[in-house]
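Trainee: Going down the list, the protein sequences come from chains A, B, C and D. Using numbering that gives the first Met the number 0, read the first sequence as starting at 0 and increasing by one per residue. Using numbering that gives the first Met the number 0, read the second sequence as starting at 0 and increasing by one per residue. Using numbering that gives the first Met the number 0, read the third sequence as starting at 0 and increasing by one per residue. Using numbering that gives the first Met the number 0, read the fourth sequence as starting at 0 and increasing by one per residue.
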Amino acid sequence: MTDYSQKYKMTPVVGWLLQDRGGMILLAILIAASILIPICSLLLPQSSAFHVPTWMVSLLGKYLCYALLALSVDLIWGFCGILSLGHGAFFALGGYAMGMYLMRQIGDRGVYGNPDLPDFMVFLNWTELPWYWYGFDMFWFAIVMAMFVPGLLAFVFGFLAFRSRVTGVYLSIITQAMTYALLLAFFRNDMGFGGNNGLTDFKDLLGYSLQSDGTRAGLFVASCVFLGLCYIVARGITQSRLGKVLIAIRDAESRVRFTGYRVEYYKLFVFTVSAVMAGIAGALYVPQVGIINPGEFAPALSIEIVIWVAVGGRGTLYGAVLGAFIVNYAKTFFTGVMPDFWLFFLGGLFIAVTLFLPKGVIGAVPAFGSANGQSFLSGVRKRLNAGGKA
Amino acid sequence: MNKKLQALMGAGAMALSVMTMSAAQAADTIKVGVLHSLSGTMAISETTLKDTVLMLVDDLNKNGGLLGKQVEAVVVDPASDWPLFAEKARELIEKDQVDVVFGCWTSVSRKSVLPVFEELNSMLFYPVQYEGEESSRNVFYTGAAPNQQAIPAVDYLMSEDGGGAERIVLLGTDYVYPRTTNKILRSYLNDKGIADADIMENYTPFGHSDWQSIVADVKAFASAGKKTAVVSTINGDANVPFYKELANQGIKAEDIPVVAFSVGEEELAGIDTAPLVGHLAAWNYFQSVEADANTAFIDKWHAFIGDDARVTNDPMEATYIGFNMWKQAVEQAGTTDVDAVRQAMYGQEVANLTGGTAVMNTNHHLSKPVLIGEVQDDGQFDVVWETDGTVVGDAWSDFLPESAKLTADWTYPWVCGNCEKPMY
Amino acid sequence: MRNELFSVLRRSPFSLKKVRGGFVRLGGAMACLMLVAFVLPNAAQAFSDEELRNIAERLDTKSSTQKITVIEEMAADGDPRVAPILKAMLEGDLFVRDSDEHVVIGRKKGKVYTHIDIVSGEEVGESSSKELSKIKVNNRLRGALRDALATLNLFSPDLNIRTNAVEQIMDARDPTMLPLLLRAIEREDDETLLARMELARATMALAAGENPAERLAAIDVLSSETTPQIRAVLSQFVASAEAEGIEPEVLAAAKDALNDVEGRLSTWQTVGDVYRGISLGSVLLLAAVGLAITFGVMGVINMAHGEMIMIGAYTTFVVQQILSSVLPSGSPWSLIIAVPAAFLVAGMIGVVIERCVIRFLYGRPLETLLATWGVSLVLQQATRTIFGATNQQVTAPDFMSGAIEFSTGLVLTYNRLWIILFSLIVVAGIACVLRYTAFGLQMRAVTQNRRMAGSVGIRTGYVDALTFGLGSGIAGIAGVALSQISNVSPNLGQTYIIDSFMVVVFGGVGNLWGTVLGAFSLGIVNKFLEPFAGAVLAKIFVLIALILFIQKRPKGLFALKGRAVEA
Amino acid sequence: MSNVIANAPSNADTMTLEKEGAENGPAVMADAQRKSNRSETILYVDGVSVTFDGFRALNNLSFYVEPGELRAIIGPNGAGKTTMMDIITGKTRPDTGDVLFKSETDLTKMDEADIANLGIGRKFQKPTVFESHTVFDNLLLACSGGRGVFNALFHRLSGAEKARIDKTLTTIMLDDKRDEMAANLSHGQKQWLEIGMLLMQEPELLLVDEPVAGMTDSETEETAKLLRAIAKEYSVVVVEHDMEFVRDLDCKVTVLHEGSVLAEGRLDHVQKDPRVIEVYLGR
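1. In the structure shown, what three-state DSSP assignment does Trp210 of chain B receive?
2. Under 7 Å Cβ-Cβ, which residues of chain B neighbour Asn54 of chain A?
3. For Val230 of chain B and Val262 of chain B, what's the separation of their Cα atoms in angstroms?
4. Determine contact between the stretch 278 to 292 of chain C and the stretch 408 to 426 of chain C, defined as no fewer than three beta-carbon pairs at a distance below 8 Å.
5. Measure how close the beta-carbons of Pro489 of chain C and Met309 of chain C come, nearest whole angstrom, since I'm counting them as under 8 Å.
6. From Arg358 of chain C to Asp241 of chain D, what distance separates their C-alpha atoms?
7. Just checking my contact of Leu521 of chain C with Val504 of chain C at CB under 8 Å: how many whole Å lie between their CB atoms?
8. Is there a Cβ of chain C sitting closer than 8 Å to that of Thr40 of chain B, yes or no?
9. Could you tell me which chain A residues have their CB closer than 9 Å to the CB of His132 of chain D, listed as they occur along the chain?
10. Step through the CB atoms of chain C and report whether any lies within less than 8 Å of the CB of Asn247 of chain B.
11. Do Asn486 of chain C and Val127 of chain B have their C-beta atoms within less than 8 Å of each other?
12. Enumerated in chain order, which unbroken segments of the alpha helix (DSSP H) with a length of 4 residues or greater are wholly contained in the stretch 267 to 316 of chain B?
13. CB-CB under 7 Å to Gly206 of chain B, same chain, minus the five flanking residues each way: which ones, in chain order?
14. Please list, in chain order, the residues of the stretch 79 to 98 of chain C that have any C-beta partner in chain A closer than 9 Å.
15. Along chain A, in chain order, which residues have C-beta atoms closer than 9 Å to that of Met196 of chain D?
16. Suppose you measure from the CA of Met83 of chain D to the CA of Arg363 of chain C; what does that come to, to the nearest Å?
17. Between Ile76 of chain B and Ser36 of chain B, is the Cβ-Cβ spacing less than 8 Å?
18. Output needed for Cys79 of chain A: all residues of its chain with C-beta closer than 7 Å, excluding positions within five of it in sequence on either side, in chain order.
19. Leaving out the 5 sequence neighbours to the left and right, which residues in its chain are closer than 6 Å to Val479 of chain C when beta-carbon positions are compared?
20. For Pro286 of chain A, decide whether its Cβ has a neighbour in chain C, counting only Cβ atoms nearer than 8 Å.
21. Return the residue from the list D:Arg92, D:Asn137, D:Glu39, D:Arg121 that minimises the CA-CA distance to Ala103 of chain D.
22. May I have the straight-line CA-CA distance separating Val165 of chain A from Ala112 of chain D, to the nearest angstrom?
23. Pairing CB atoms from the stretch 171 to 188 of chain A with CB atoms from the stretch 98 to 117 of chain B, are three or more of them under 8 Å?
24. Looking at the unbroken beta strand (DSSP E) that takes in Phe54 of chain D, where does it start and where does it end?
25. From the DSSP secondary-structure annotation, give me the bridge partner or partners of Thr172 of chain B.
26. Could I get the ranges of all uninterrupted alpha helix (DSSP H) runs contained in the stretch 416 to 450 of chain C, with 4 residues as the minimum, in chain order?
27. Does the beta carbon of Met20 of chain B come closer than 8 Å to any beta carbon on chain C?
28. With hydrogens ignored, establish whether the beta-carbon of Ala66 of chain A is closer than 7 Å to any heavy atom of the ligand NAD.
29. Does the stretch 308 to 321 of chain A come close enough to the stretch 349 to 364 of chain A that 3 or more CB-CB pairs lie under 8 Å?
30. Going along the stretch 323 to 343 of chain A in order, which residues come within less than 9 Å of chain C, judged by CB to CB distance?
31. Since Leu140 of chain D meets chain A, which of its residues come closer than 9 Å, beta carbon to beta carbon?
32. Give the range of the beta strand (DSSP E) segment to which Thr95 of chain D is assigned.
33. Just grab the DSSP bridge partners of Val111 of chain C for me.
34. Taking DSSP as the reference, what is the three-state secondary structure of Glu49 of chain C?
35. For Ala141 of chain D, which of D:Lys90, D:Gly118, D:Pro273, D:Asp45 has the nearest alpha-carbon?
36. Does the CB of Gly142 of chain C have a neighbour CB from chain B at under 8 Å?
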């Protein structure tokens, strides 16, 4: 099927990208979208049939952030079998880092006109900025923190958990406990992150007004670019020998150990990378939706992310992207069209996908069934056969 | 070529067709957006308000509509998900092109949609009591500000009839509304000569269900010999277990009265209130108030919802007032144009369901009477005290040093939601 | 340590009294002043019928102050007919009849009110609520009424009424009541009540005492008792004594007594924390125990577990609605019937879910998470569509209302006590089913080795469905109990789902005793942290502790060891 | 970039470890015979006991394997064979006792990966290969060399590695299956692949747990041949039930029973031991 000798002679990146049909299509769409949508939104007149309204740009931008988040979950769940039910925490932390920058950018334009303190601090009678807010008036620092903080949390959490060989549902549940604890912590006003109301009422980013169509289009393009880059990184990881080790860990962890690999380091690496990606997604998300609040830490959201991946097709990366788009578009569509009954549809969709499309939507498309996901899928089929006899 | 692009194009096409459709319809109908959560944690409170708006729209249409047009309600479900509120608000305004939106319950949902309404210059009617400290050109606040609820309630507790409380427990859910209200109250209580040692503040997580320790603490705090009262800003879900624990631990209203700002008829519907008789709530409306307008409203509500057991509550009245004010303002302006309607809103009067009239002020808050009610054994409230006249809602509290300086006034020459000096 | 605790127990008689707080009330004070002046205990019918009627009609006023004056006048002469009137007023049953402006007691029967004459106590007609206007009471009036009733009741022939009156007076701690109390002490012959009266006297005598000897005697009486009220009396006395200056030996004695009382109270505080922890633990246990079967035994990551609890709670609601016309309110039967009903309804829904969805997913535990999440969304929305989004009212039967209150301030509410007991019964029941029945054996066989079980003739599909049904049914039973302390709304399940998973995982998946121990230890730890850290931080600490604990024991509290685990 | 990661602990470390082991262990008897044994052994298991929830899986187990030796371990179910493997490979920690590799490295203080990198390969009772990978990738992953994360991330297949993989493919008779998914192999082929993966690790000691369970007769024969060939280069310990197969191996046999050694010697010698007959046939 695959000629490895051929493959390894090529420049690696181009080599494995060419192998990856779904990825090529995804990247092509992203490139096309990042060029066409700003044009359609900014240059075409409102009356034009191809004009893309602003709300659509923001909406698509939001989906892209969710897609990146789903990608990060697929990287660990699809390829390493780590089912994180707390990935929303990394997303939210990235979002908070960006939110803090945007909050500092407001400056004295807040309602109390205090140049040093965000409104909610003035309001709580705080007299000076808490130390952990230092530096967030600098964009580069906020961006670094948006990646570093989730990465650090993932590193510490992962170090403890993987070293102690916490696996399976135990790991899933403690990731859930982690995000739940953060949810409660961020709800507290005393934490200095705006409590339940979170951070909101942002004005501008790098001097560009967040309300302007141009900035929206710019954020959309940035989301496309980062999704594309993270996809390439994720694909690079999964195609490397490290990626093979990850899949091996997913399928037979103890075999990998007895083969001499330090499983915990591999898991730690990929978990941290994934958390950084989630953090980037959060940082891109916040300026586009205009609010970050502890709701993003909600355990239910983290479960939903996993569902996006499952709906799209686990272990394929592009499937996760597709899943995030499908579920979120369905949510947008049904909450508007049938607000009283949409949960029936969404719930039904999840049940139907697990029962009838165990490989996700992507697995139902024949052209993709044979790509990277194949081995996983055949494994599933086998297990399904074994279990289905019950 | 590939599914995703097709799906994307499809989505775009669908959105476009909806837009053109709505543009075509705009000539015939006036659209009213309803932005209340119908699922998730807030559905329990917000669903009722959605039904209220639908009832009001229905009623308006039966009476010939508005400006000779039919009114159409566009209902969406933001699902108690705050970023989704912003998304849905944008969708309502940009895609469905509604003329006005009635919606939101929690402060965070309002904060989330606020920039959207300001950016797109649309209009939101917010019908729930809240912590104040906000004034937006695009939002009309028809619920109570802290000075229309919390301060009169504490005044009552400290009055002779209220029991002459000298020690106050401030219980709240840990988020902005309780924190702010309690901050205002603490400052107010200090002014009234109650020392910090006689104030106990306690916060609990959302949906807190185990109140044993806290109720026991309150009892202990109250055993010091001074008359003690509890001010509760406990939110939504947590109230039922709180009151059940209160009843079971036998905290009698005459010993330790509890006054709540977030507990109305709807919240009590889930509790057996017999052991809670005498505990208090402060609102601008109670279902039990005997007035013709109120009886008519309740009858209409029962007919609309098809269930005589359903109760009415304060946010419903706030929705009612807001809706009718908007209707009158549209009629006066002769258009649904947001800027014209906004100007017409100021000074607009609507009869309260409980008697008297509510007036919209230029700070976008209402002047309303304040009522204190005692819980009765049938789950209703009996009004034991009310303000002499109406109270003007304060956007900026006088009891917080930073906000006391600010003024909100949206008429020329102020045109400002948070200024210290007039702006021109 | 043990001796100390023992002595504490001995010194605090478990006087079971109806719950009551209580403080100095202005109205009460005034009422007593009048009483001291005029009271003639056992005076028969101090008022003529006409006088009583007239005086009662003066209650029809808006001013609370005037009402209090009237109440005091009425109570002052100890007329035995006054107590029922005041009691009716306290309960909100006193009305003015619009037709003749007479004051009557109104008893609601269905939609009509029966009028009862306040003088004769006979029925004198009936009407709808529209023809009556209620004499309104507020909290101030309730206090005054209760104090007035207490003084009237102090000489009641009924021992229970007298006891309550003494407790009431003790709570009020109003020195002006002292002469009255002294007179009551002279007449009292019940030993126990006499002791309580002496204690009540001491609380008043401390401040009012004339000479050091009297005060020391009062301190001595007080220091033998352990209640928060005594602590308040002593600390107030110490504070004022320090400010005003007093005999040093009295001050020293008072301080010693205060220390004693505080020490004993803090022991009781700890007992209270443990109890509340156990109570929280029992709630967690009930919420988690069904999950211990569906998740722990079967390995299904059952996100719809919370909705099974919700279904149980709604079944309770429906059963109560159906039976409300047949049974009197407060009857325990609707709740008792709700238990099997909830088990059947939730169990049946569980079987349906298992047959339609889960059976295709065995061996794919993570996918059960997704499917059951979908199921949970559907069930929530279905409940919302059928019952509406608002809370439904589930009433508490009489046996679950109220509390046992110890004079030490410890309150054991009946509903919590029953829930603790109920949770233990449920766990014991499950343990028996698993251990001693053929079904339990088959269930264990199937979960351990499905293929082998199948080949020895066990119908594995059947066992799976029943097992899932059992877990769901037990969640339903938990819903019956939780409906007594929580709100019955479509969100009910979401409140408990995360905690349930934490408990099962903490205890060790697949181990019932782990779940039991896990629930109680999480509950107790939480309740011990709460006083120091507050409810929010306590919960955060518990979660962090759980995360760290799993590092230490990656398979929970009771993990199986050895080869079997990974086979 | 490739050889950055040190696989085994430094010599100094192992020396101290060994000293501690010697002092703490029950083998302080200073038995000269033992000492000499120790210095020559590749695997030295002495006085090892382990208990699971009250069940004594291993009871003062001691035996030695010399370099280059092929050793079969037999015993009835529950004799502790797999537990013994778990202890040698670091999966389970013994309650008491010493396990030394090449007379100097204390295995009880190390984890699976360390032990594997030290040169001990293990084949599981149930064939465990990476089912989602091709046969080639399975061998590639097992290929000795850097085990570090970044090493793996930037690893490029070298010609030498490819040659080794090809050679092993021939050894385990899976040449034509190189690009087949491991999941699609037959049971026997998976067993061979797993053995092949062990070979790729270039171990000094191979622990093989029931290599012929579930194999056809011809496969069993091939496997015996394979193991005998392997035993020429490496020390091999085989755990097996199948007497015929053990006979085919033609090596020294250790019989385990209830967690300790019952008998040791040539198969025909052992088979005459009355205690062994009692254990195998007596019940």
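Even for Gly, the Cβ is constructed at its ideal location relative to N, Cα and C.
Mentor: Taking the coordinates as given:
1. Taking the first residue of the second sequence as 1, we reach residue 210 of chain B at position 211. Coil, per DSSP.
2. Here residue 54 of chain A is taken as the residue at index 55 of the first sequence, counted from 1. It should be pointed out that residue 54 of chain A corresponds to Trp in this sequence rather than to Asn. What Trp54 of chain A touches in chain B: Arg89, Glu90, Glu93, Lys94.
3. To locate residue 230 of chain B, count along the second sequence from 1; it is residue 231. To locate residue 262 of chain B, count along the second sequence from 1; it is residue 263. C-alpha separation (whole angstroms): 11 Å.
4. yes
5. Within the third sequence, numbered from 1, the residue matching residue 489 of chain C stands at position 490. Within the third sequence, numbered from 1, the residue matching residue 309 of chain C stands at position 310. Sure, about 7 Å apart at Cβ, within 8 Å.
6. Your numbering for residue 358 of chain C matches position 359 in the third sequence. Your numbering for residue 241 of chain D matches position 242 in the fourth sequence. Taking the straight line joining both Cα atoms gives about 38 Å.
7. Counting from 1 along the third sequence, the entry for residue 521 of chain C is found at position 522. Counting from 1 along the third sequence, the entry for residue 504 of chain C is found at position 505. Contact doesn't hold; Cβ gap of about 11 Å is too wide.
8. Position 41 of the second sequence, counted from the start, is the residue given in the question as residue 40 of chain B. So yes, Thr40 of chain B belongs to the interface.
9. Taking the first residue of the fourth sequence as 1, we reach residue 132 of chain D at position 133. Simply Lys243, Ile246, Ala247, Asp250, Ser374.
10. Translated into the one-based positions of the second sequence, residue 247 of chain B becomes position 248. Taking Cβ atoms only, chain C reaches closer than 8 Å to Asn247 of chain B, which makes this a yes.
11. Position 487 of the third sequence, counted from the first residue, corresponds to residue 486 of chain C. Position 128 of the second sequence, counted from the first residue, corresponds to residue 127 of chain B. Cβ atoms of Asn486 of chain C and Val127 of chain B: not closer than 8 Å.
12. 291 to 304
13. Here residue 206 of chain B is taken as the residue at index 207 of the second sequence, counted from 1. Excluding sequence neighbours, Gly206 of chain B sits near Asp236, Ala237.
14. none
15. Working through the fourth sequence from its first residue, we reach residue 196 of chain D at position 197. Within chain A, the residues near Met196 of chain D are Arg254, Thr258.
16. If you number the fourth sequence from 1, residue 83 of chain D lands on position 84. If you number the third sequence from 1, residue 363 of chain C lands on position 364. Their backbone Cα atoms lie some 32 Å apart in a straight line.
17. Position 77 of the second sequence holds residue 76 of chain B. Position 37 of the second sequence holds residue 36 of chain B. The sequence given here places Asp at residue 76 of chain B; Ile does not occur at that position. Against a cut-off of 8 Å, the Cβ pair of Ser36 of chain B and Asp76 of chain B comes out as a contact.
18. Numbered from its first residue, the first sequence carries residue 79 of chain A at position 80. Cβ within range, chain order: Leu245, Ile248, Arg249, Lys266, Val269.
19. By one-based count along the third sequence, residue 479 of chain C stands at place 480. Excluding positions up to five away in sequence, the list reads Gly311, Thr315, Ala337, Val338, Ala341.
20. Mapped onto the first sequence, residue 286 of chain A falls at position 287. Pro286 of chain A does not count as touching chain C.
21. The sequence position of residue 103 of chain D within the fourth sequence is 104, counting from 1. The identity of residue 103 of chain D in the sequence shown is Glu, whereas the question assumes Ala. That would be D:Glu39, whose Cα lies nearest to the Cα of Glu103 of chain D.
22. As a first step, residue 165 of chain A must be located in the first sequence, where it is residue number 166. As a first step, residue 112 of chain D must be located in the fourth sequence, where it is residue number 113. When rounded, the distance between both Cα atoms is 17 Å.
23. no
24. One-based indexing of the fourth sequence puts residue 54 of chain D at position 55. Start and end: 54 to 64.
25. Translated into the one-based positions of the second sequence, residue 172 of chain B becomes position 173. According to DSSP, Thr172 of chain B bridges with B:Thr203.
26. 437 to 447
27. By one-based count along the second sequence, residue 20 of chain B stands at place 21. At Met20 of chain B, the pLDDT of 45 sits below 50, so the modelled position is not reliable and the matter cannot be decided from this model.
28. Summarising the ligand content, the structure contains no ligands, and the ligand NAD is consequently not present.
29. yes
30. Asp339, Phe340, Trp341, Leu342, Phe343
31. Mapped onto the fourth sequence, residue 140 of chain D falls at position 141. What Leu140 of chain D touches in chain A: Arg240, Lys243, Val244, Ala247, Val255, Thr258, Tyr260.
32. Along the fourth sequence, read from residue 1 onward, the residue named residue 95 of chain D stands at position 96. First-last of the beta strand (DSSP E) with Thr95 of chain D: 95 to 100.
33. Start at 1 with the first residue of the third sequence, and residue 111 of chain C comes out as number 112. Looking at the DSSP assignment, Val111 of chain C forms a beta bridge with C:Lys108.
34. For the purposes of this step, residue 49 of chain C is identified with residue 50 of the third sequence, where counting begins at 1. Correct three-state label for Glu49 of chain C: helix.
35. Along the fourth sequence, one-based indexing puts residue 141 of chain D at 142. Checked all of D:Lys90, D:Gly118, D:Pro273, D:Asp45; the closest Cα to Ala141 of chain D is D:Gly118.
36. Within the third sequence, numbered from 1, the residue matching residue 142 of chain C stands at position 143. Yes, because at least one Cβ of chain B sits closer than 8 Å to the Cβ of Gly142 of chain C.
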